[in-house]
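Residue numbers (my numbering), protein chains in the order written: chain A, 101 to 448; chain B, 101 to 448.
Even for Gly, the Cβ is constructed at its ideal location relative to N, Cα and C.
Quick caveat: nothing in here was measured; it's all calculated off a predicted structure.
There are 2 protein chains.
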Amino acid sequence: MAITLDKISEVTGFSVSTVSRVLNKKSKKYRISLETERIIYAKAKELGYRPNELARGLRLKKTHTIGLVVPDISNPFFASITHLIQKYLYEEGYSLIVCNTNEDIKTEIEQIDLMRRKGVDGYIIMPVGTQFEHIKGLLDDNKPLVLLDRNIDALNANCIVVDNYRGAYEATECLIRYGHERIAIIQGLQNTYTNNERVRGYKDALADNGIRIDESYIVGNDFRRENGYISTKLLLKMENAPTAIFAFSDLITLGMLQAISEEKVKIPDDLSIISFDEIDFAPYLVSPLSVVVQPRELIGEAAVKLLIEEMRSKNRLGKRKILLESKLVIRDSIKNFNLGVAAHRTAS
Amino acid sequence: MAITLDKISEVTGFSVSTVSRVLNKKSKKYRISLETERIIYAKAKELGYRPNELARGLRLKKTHTIGLVVPDISNPFFASITHLIQKYLYEEGYSLIVCNTNEDIKTEIEQIDLMRRKGVDGYIIMPVGTQFEHIKGLLDDNKPLVLLDRNIDALNANCIVVDNYRGAYEATECLIRYGHERIAIIQGLQNTYTNNERVRGYKDALADNGIRIDESYIVGNDFRRENGYISTKLLLKMENAPTAIFAFSDLITLGMLQAISEEKVKIPDDLSIISFDEIDFAPYLVSPLSVVVQPRELIGEAAVKLLIEEMRSKNRLGKRKILLESKLVIRDSIKNFNLGVAAHRTAS
DNA sequence: ATAGTGAGCACAAACGTTTGTGCAATAACT
DNA sequence: AGTTATTGCACAAACGTTTGTGCTCACTAT
Chain A
101 MAITLDKISE VTGFSVSTVS RVLNKKSKKY RISLETERII YAKAKELGYR PNELARGLRL
161 KKTHTIGLVV PDISNPFFAS ITHLIQKYLY EEGYSLIVCN TNEDIKTEIE QIDLMRRKGV
221 DGYIIMPVGT QFEHIKGLLD DNKPLVLLDR NIDALNANCI VVDNYRGAYE ATECLIRYGH
281 ERIAIIQGLQ NTYTNNERVR GYKDALADNG IRIDESYIVG NDFRRENGYI STKLLLKMEN
341 APTAIFAFSD LITLGMLQAI SEEKVKIPDD LSIISFDEID FAPYLVSPLS VVVQPRELIG
401 EAAVKLLIEE MRSKNRLGKR KILLESKLVI RDSIKNFNLG VAAHRTAS
Chain B
101 MAITLDKISE VTGFSVSTVS RVLNKKSKKY RISLETERII YAKAKELGYR PNELARGLRL
161 KKTHTIGLVV PDISNPFFAS ITHLIQKYLY EEGYSLIVCN TNEDIKTEIE QIDLMRRKGV
221 DGYIIMPVGT QFEHIKGLLD DNKPLVLLDR NIDALNANCI VVDNYRGAYE ATECLIRYGH
281 ERIAIIQGLQ NTYTNNERVR GYKDALADNG IRIDESYIVG NDFRRENGYI STKLLLKMEN
341 APTAIFAFSD LITLGMLQAI SEEKVKIPDD LSIISFDEID FAPYLVSPLS VVVQPRELIG
401 EAAVKLLIEE MRSKNRLGKR KILLESKLVI RDSIKNFNLG VAAHRTAS
């Protein structure tokens, strides 16, 4: 059996309350003598006392635990954010309960409910985003919460997102500047915030440059590898196949690369590609990959900061919405048609 | 304020114990009338009752939470294992507390202590492995535990590891068969189980093939990217530089690729490389990468199975040590000197 | 009429903490 | 000597559960 305050009380002869106060460093406040303090400390150490955090949490209504809800930890983007969040929280003395939703709203609801029952002190959530009643419920009991990566406009909640619209806009525009017109996208899960914003950015970039939006160039339906594979196969088989594909996640890109490799398509000569999310191995791929980089470190750090801030301040008033910028990194995976023309002219 | 049994008791007029029994589906056992049951269910639903798992855990000495200790979640290998573990545990009704140790034994000790205080029902640990007194302590209070990826021989604990020795042996032997003799390794954190086994496999493969072990070909000191970068730079600068490098982790490989790219070394013509851990992008790299693949799915699944099994069975007797096999996947990152000779002969 | 039976529920203790309050003994004043 | 302060600690309630036991009826059997 574990050592409890009661046990220490028993062997030292002091009451449980006294033992508790000493071990919580409240000796002065409650006028416990130095001698008593010494004895209790010694015994506690000797017996290896370890406070029961369940009991403590019950009494204090504080568990020093944060709930993290993430769509897919095995996705490098989320893994790296999770890592950072864990690190910063640890520094602040918090533990982390992690759950995967696999972009499934039912799982998300269940898991959040469970965390709530476990009395976590706060939440960092990357929501699926198709429903949000359960998150509204969370806000109601006034626990600190920050939404990550995906905003829910309807909710007055703290929120940290990357400017997906602009990221997608810039990437698309870059392709256009390089002379591409038949630009396809392989999108992720539809009706998620991230995806909507990216699609919007893509469409606006086309429209602003006078290119007709061809819905048959908009394919795909989730952020995973298989989607990338299948969608690419599909796009390559089109009679009027695109000259460029914009993949909306690193995993989609992975599947795309597999399809491209199987079909023996040459990058960037036969096809140009660009991807959302930095991929560590991007520079070392057959054709170094162009990407829209999201500031992972910032996201993780800001999430924890915002959460801690809200936990510290008593007044839960001003919710903050933070918009971070993405960065376009162009590598050799994009063919520049204009340069081709220019080169030709020079040559002639 | 949250809805408690007490509140429901108050509004329905039934005692707390009756309410509890109904909501725990023990009506029959305690002869609660159907009518009462109906009323209580209705009220609980109406008020949105959510049991306080802290109180329950305190009373029941069961939290339905498992502690996972992992060296680095952002490493794809661990991320993917974490993902699987989370998934299987969720299916079994357990939550997951995750912590990173960053291969730091002090953090590991602290975090495990914290989990213990939080009353987790079991542990899945990928230990740093340099000390193990704290894990011994864990075993003493008889909670289910499984060691993952790294074994500690001195401990009578469940354990699931990949045959690192054989994996390294086979990779090294493959290089030798292809005609390499100056084979370097970039190792990970020294004195960890995984690293020791791999080094042993490497050395034995050399010895068994009559190749002298040159300690200057054994470099590196942790599993991270920077180590791969620096160590590769070092190796490439040697006067008698190796013809092949065996990197002991995916992250090391990443750093290695960066160095190789900077130094404009050609794979596999100037240098052959092989890596431990599958890398999703391996086939699509400039030079498709050869790797020693570890069965991640099996590891995650086996870990949870073993844990659940031990939690279910009352008798905590037979600890099991499970050894999984790795698989060598050869791609174009290795030069075959013999084939070169053969080709030469044919040509001449 | 009375004992016996079972149905339907309430009481209370326990899990391990924290903390407001009270109480005895000593010390300090006047 | 008598009042007041101060020191040093113990008591008990509370956090929200679960569960063994016991109590009160109403009903049945004798």
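How long is the line joining the alpha carbons of residue 398 of chain B and residue 193 of chain B, rounded to whole angstroms? C-alpha of residue 398 of chain B to C-alpha of residue 193 of chain B: approximately 20 Å in a straight line.
If we ignore side chains and look at the alpha-carbon of each, how far apart do residue 376 of chain B and residue 273 of chain B end up? Just so you know, the alpha carbons of residue 376 of chain B and residue 273 of chain B end up roughly 14 Å apart.
Bridge partners - residue 169 of chain A, DSSP secondary structure assignment: Answer is A:199 and A:225, bridged to residue 169 of chain A.
Nearest-angstrom Cα distance between residue 334 of chain A and residue 353 of chain A? C-alpha separation (whole angstroms): 14 Å.
Classification of residue 445 of chain B by the beta-carbon crowding that lies within 10 angstroms, buried from 16 upward: With a pLDDT of 35 at residue 445 of chain B, under the threshold of 50, the modelled position of this residue cannot be trusted; read the value that follows with caution. Its Cβ having fewer than 16 others within 10 Å, residue 445 of chain B is exposed.
Using beta-carbon positions only, say whether residue 410 of chain A and residue 258 of chain A come within less than 8 Å of one another. Taking the C-beta atoms as reference points, residue 258 of chain A is found nearer than 8 Å to residue 410 of chain A.
Taking three-plus beta-carbon pairs below 8 Å as touching, is the stretch 342-351 of chain A in contact with the stretch 263-283 of chain A? Per the Cβ contact rule, the stretch 342-351 of chain A is in contact with the stretch 263-283 of chain A (3 or more Cβ pairs under 8 Å).
Exposure label - residue 191 of chain A; buried when at least 16 CB within 10 Å: By the neighbour-count rule (16 or more Cβ atoms within 10 Å), residue 191 of chain A is not buried but exposed.
Contact with chain A by residue 376 of chain B, beta-carbon distance below 8 Å: Answer no: the Cβ-Cβ gap between residue 376 of chain B and chain A never drops below 8 Å.
Output, in chain order, the set of chain B residues within a Cβ distance shorter than 7 Å of residue 155 of chain A. Within 7 Å Cβ-Cβ: 158.
Which value, in whole angstroms, describes the spacing of the CA atoms of residue 144 of chain A and residue 126 of chain A? Those two C-alpha atoms are separated by around 15 Å.
Given this structure, state the Cα-to-Cα distance separating residue 432 of chain B from residue 389 of chain B, to the nearest angstrom. About 6 Å.
Of all the residues that make up the stretch 383-405 of chain B, which are near chain A by a beta-carbon distance shorter than 7 Å? Within the stretch 383-405 of chain B, those residues whose Cβ lies closer than 7 Å to any Cβ of chain A are, in chain order, 383, 384, 385 and 386.
Please check the pair residue 392 of chain B and residue 254 of chain B, which I expect to be a contact at CB under 8 Å, by giving their CB distance rounded to whole angstroms. 26 Å between Cβ atoms; not a contact.
I'd like to know if residue 442 of chain B contacts chain A, where contact means its C-beta is closer than 8 Å to some C-beta of that chain. Residue confidence for residue 442 of chain B is low, a pLDDT of 44 falling below 50, so the modelled location carries little weight; the figure read from the coordinates is stated next. Not closer than 8 Å to any Cβ of chain A, the Cβ of residue 442 of chain B fails to qualify, so no.
Rounded separation between residue 275 of chain A and residue 386 of chain B - CA only: Rounded to the nearest whole angstrom, the C-alpha separation of residue 275 of chain A and residue 386 of chain B is 23 Å.
Where residue 290 of chain A falls, given that 16 or more other Cβ within 10 Å makes a residue buried: So residue 290 of chain A ends up on the exposed side.
Alpha carbon to alpha carbon, what distance is there between residue 429 of chain B and residue 302 of chain B? Cα-Cα distance, rounded: 17 Å.
Exposure of residue 269 of chain A, with buried meaning 16 or more beta-carbon neighbours within 10 Å: When all chains shown are included, residue 269 of chain A counts as buried.
Run down chain A in chain order and give the residues with a C-beta less than 7 Å from the C-beta of residue 182 of chain B. Within chain A, the C-beta atoms nearer than 7 Å to that of residue 182 of chain B come from 173, in chain order.
Apply the 10 Å Cβ neighbour rule to residue 379 of chain B and answer buried if 16 or more other Cβ atoms are within range, or exposed otherwise. Answer is buried; the Cβ neighbour count reaches 16.
Where does residue 122 of chain A fall in DSSP's three states? Residue 122 of chain A: helix per DSSP, three-state reduction.
Strictly below 7 Å CB to CB, what residues from chain B border residue 94 of chain A? Chain A is shown only over 101 to 448; residue 94 of chain A falls outside these bounds and no answer can be derived.
From the DSSP output, in three-state form, read off residue 398 of chain B for me. DSSP places residue 398 of chain B within a helical segment (H, G or I) once states are collapsed to three.
Per the DSSP calculation, residue 246 of chain B is bridged to which residue(s)? Answer by DSSP bridge pairing, in chain order: B:224 and B:258.
Would you mind sorting residue 331 of chain A into buried or exposed? The rule is 16 or more other CB atoms within 10 Å of its CB. Around the beta carbon of residue 331 of chain A, 16 or more other beta carbons sit within 10 angstroms, so the residue counts as buried.
Listed in chain order, which residues of the stretch 351-374 of chain B have Cβ atoms closer than 7 Å to some Cβ of chain A? Per Cβ criterion, the list reads 354, 357 and 361.
Can you list, in chain order, the residues of its chain whose CB lies under 7 Å from that of residue 108 of chain B, leaving out five sequence neighbours each side? Hits under 7 Å: 119, 140, 143, 144, 147 and 149.
Test: residue 433 of chain B CB closer than 8 Å to a CB of chain A: Contact with chain A is absent for residue 433 of chain B, since none of that chain's Cβ atoms lies less than 8 Å from the residue's Cβ.
Counting pairs of beta carbons, one from the stretch 210-220 of chain A and one from the stretch 150-166 of chain A, are three or more of them closer than 8 Å? Inter-segment contact for the stretch 210-220 of chain A and the stretch 150-166 of chain A is present: three or more beta-carbon pairs are separated by less than 8 Å.
Go ahead and pull the three-state DSSP assignment for residue 404 of chain A. Residue state for residue 404 of chain A is assigned as helix, using DSSP reduced to three classes.
Between residue 413 of chain B and chain A, is the shortest Cβ-Cβ distance under 8 Å, so that the two count as touching? It does not; no Cβ of chain A falls within 8 Å.
So the candidates are B:356, B:297 and B:102; which of them puts its Cα closest to the Cα of residue 267 of chain B? Minimum Cα distance to residue 267 of chain B is reached at B:297.
Using a Cβ-Cβ distance under 8 Å, would residue 448 of chain B count as near chain A? Residue placement at residue 448 of chain B is flagged as unreliable, the pLDDT there being 32, under the threshold of 50; the coordinate-derived value follows with that caveat. Cβ-Cβ to chain A under 8 Å: no for residue 448 of chain B.
Closer than 8 Å to chain A by CB, residue 169 of chain B: No, residue 169 of chain B lies away from the interface with chain A (no Cβ there is under 8 Å from its Cβ).
DSSP three-state assignment for residue 428 of chain B, whether helix, strand or coil: In this structure, residue 428 of chain B counts as strand in the three-state DSSP scheme.
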